[in-house]
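There are 2 protein chains.
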Amino acid sequence: MSTAAPPTRGRPGGSRGTDLLAAARDVFLAHQYAGATMDAVAARARISKQTLYRQYPSKDELYAAVVRDWVDRGRDAMSPHLQKLTVTTDIRNGLLELARTLHAGVLSDPVLRMRTLITAEAERFPDVAADYVRRSWDRNQTLLADALEHLSERRLLRIESSQMAAEQFTWLALAAPLNRLTLTAGAARYTPDELETLVQEAVTTFLGRYEMP
Amino acid sequence: MSTAAPPTRGRPGGSRGTDLLAAARDVFLAHQYAGATMDAVAARARISKQTLYRQYPSKDELYAAVVRDWVDRGRDAMSPHLQKLTVTTDIRNGLLELARTLHAGVLSDPVLRMRTLITAEAERFPDVAADYVRRSWDRNQTLLADALEHLSERRLLRIESSQMAAEQFTWLALAAPLNRLTLTAGAARYTPDELETLVQEAVTTFLGRYEMP
DNA sequence: CCTACCGATCGGTAGG
DNA sequence: CCTACCGATCGGTAGG
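Sequences listed follow chains A and F, in order. In terms of our numbering, the first sequence opens at residue 1 and continues consecutively. In terms of our numbering, the second sequence opens at residue 1001 and continues consecutively.
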């Protein structure tokens, strides 16, 4: 039957939909907005520029779609880890694990590049930036606050403002390497030992304030 | 004497030296690297492109000079405030003051723009970025660590690693608004009340760990 | 679908 | 000093 052609034969290997966005994302992350040419996107997606422009009528709209797709795909990355934290019996170990998860999630090359891209284009694309902050950053902060709230109800922590506690935890664990790697485009790598020391110290300071006496 | 011509008459008002760098800085901060044209720099400095290119043979070298000049000019901005902290008798108030100073210094529009510019160009100009981090950021962190060390010797704090304590203080006070303002290009402004709450909470958590019992 | 092209921008130079 | 220009790049289009 002609409708049962082998998958490797069907249409001539052009990317579309998610694949096109993945190709575009690669190009934007590798070269930033200005350096990402529509020719490069089309070539990487193995489609013609004509086809590219039929799906996204301008570079601006392609960029907005790439960021939206990125946020959608990373929406619930933290949830399972926070779920695990809420049922822990060892509060210190639970927080240490979470801090290491934060490092792995945020200090990776693609995440740092996406943050730099969004930051550099925030003035020209304020809505794209605001959507990223709200649906990615704020959402994860709220989920962490909920988890801390839960631990507070279980009498493992003593927290007045769970939002403030969530921010303090996040930044104690994350801010130093995030600042450094961001400013140097990843050139100033942290060693695993340095990160582990940072995690330990962050949790110690956090528990100094919020541990149940 | 011809050498005593009035200052308003001498040469036809063109900028050079520091003035040229100030003009270039304005243009780079307003439009980022790609959007800053050499024509705009020359126009703002009121010199010809020919004169501009005689002083800086390429846009790349002009950019590097602008960042170097920026670091030089901001080199000792923190020193007087840290000096004040080391002789305080009220440790909590001293730290609150310092946190407010950090906010004023780092969360200003030009500083945020310079950080975004350096970040966006860090891959193409790794040496410029590394020099900024070392001479601006690392230096201030070390100065703060020295001040905390001093307070530790005065038995107002109990600190094991003054570098770690300095980083924790900095990021407890600064990271949340810095992250937000950076990602949104300053669109998500913090109210003075929010900043003051943040400062209070940062100092409370910091003292929870490092206050002398 | 594909290629060739337009129109605009901009770093850098002095050809014309 | 200044203006006009070159050469290259690139978003977007179908003119030619």
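Glycine included, C-beta positions come from ideal geometry on N, C-alpha and C. The structure displayed is predicted, hence computed values, not measured ones.
- Listed in chain order, the non-local C-beta contacts of glycine 186 (chain A) below 7 Å within the same chain comprise Asp109, Leu112, local neighbours out to five positions each way being set aside.
- The beta-carbon of glutamine 50 (chain A) is placed no less than 9 Å from the nearest beta-carbon of chain F.
- Annotation: serine 1136 (chain F) to valine 87 (chain A) spans about 43 Å, alpha carbon to alpha carbon.
- Contact of threonine 1142 (chain F) with chain A by beta-carbon distance below 8 Å is absent, the smallest such distance being about 14 Å.
- Burial check for alanine 30 (chain A): the Cβ neighbour count within 10 Å stays below 16, so the residue is exposed.
- In the three-state reduction of the DSSP assignment, glutamate 1211 (chain F) falls in the strand class, which pools E and B.
- When the five nearest sequence neighbours on each side are left out, the beta carbons in the same chain lying within less than 7 Å of the beta carbon of aspartate 1039 (chain F) are those of Lys1049, in order along the chain.
- Taking C-beta atoms under 8 Å as the contact rule, arginine 1075 (chain F) and leucine 1207 (chain F) fail to qualify, at a distance of about 30 Å.
- Classified as buried, glutamine 32 (chain A) has 16 or more neighbouring CB atoms from the shown chains inside 10 Å of its CB.
- Taking the beta carbon of tyrosine 1132 (chain F) as reference, the chain A residues within 8 Å of it are Leu183, listed in sequence order.
- Beta-bridge annotation (DSSP): leucine 157 (chain A) is paired with A:Glu211.
- Using a Cβ-Cβ distance cut-off of 8 Å, the stretch 143–150 of chain A and the stretch 122–130 of chain A are not in contact, since fewer than three pairs of beta carbons, one from each stretch, lie closer than that value.
- The closest CA to that of threonine 1101 (chain F), considering only F:Asn1179, F:Ile1118, F:Thr1119, F:Pro1080, is found on F:Pro1080.
- Every alpha helix (DSSP H) of 4 residues or more that sits fully in the stretch 133–203 of chain A is shown, in chain order, as 139–153, 162–183.
- Near chain A, meaning a CB-to-CB distance below 9 Å, no residue of the stretch 1044–1073 of chain F qualifies.
- Between valine 106 (chain A) and leucine 174 (chain A), the C-beta gap is smaller than 9 Å, which places the two residues in contact.
- Counting along the chain, no alpha helix (DSSP H) covers isoleucine 1047 (chain F), and no H or E run does either.
- Residue contact check for glycine 105 (chain A) against chain F: no CB pair falls below 9 Å.
- The beta carbon of alanine 77 (chain A) sits closer than 7 Å to those of Gly105, all from its chain and outside the five residues before and after it, given in chain order.
- Taking 8 Å as the Cβ-Cβ cut-off, the stretch 87–121 of chain A approaches chain F at Arg115, Thr116, Ile118, Thr119, Ala120, given in chain order.
- Think of a sphere of 8 Å around the beta carbon of alanine 1034 (chain F): the chain A residues whose beta carbon falls inside it are Ala34, in chain order.
- At a cut-off of 9 Å, the C-beta of leucine 1174 (chain F) has a neighbouring C-beta in chain A.
- DSSP places threonine 1101 (chain F) in the helix class (H, G or I) of the three-state scheme.
- Distance from the CA of alanine 22 (chain A) to the CA of aspartate 1072 (chain F), rounded to the nearest whole angstrom, comes to 42 Å.
- Counting only Cβ-Cβ distances below 9 Å, glutamate 1149 (chain F) has no contacts in chain A at all, with the closest Cβ about 16 Å away.
- Taking a beta-carbon distance threshold of 9 Å, methionine 164 (chain A) counts as an interface residue toward chain F.
- Out of F:Trp1070, F:Ala1165, F:Ala1042, the CA that lies nearest to the CA of serine 1152 (chain F) is found in F:Ala1165.
- By the Cβ neighbour-count rule, glutamate 1194 (chain F) is exposed, with fewer than 16 other Cβ atoms within 10 Å of its own.
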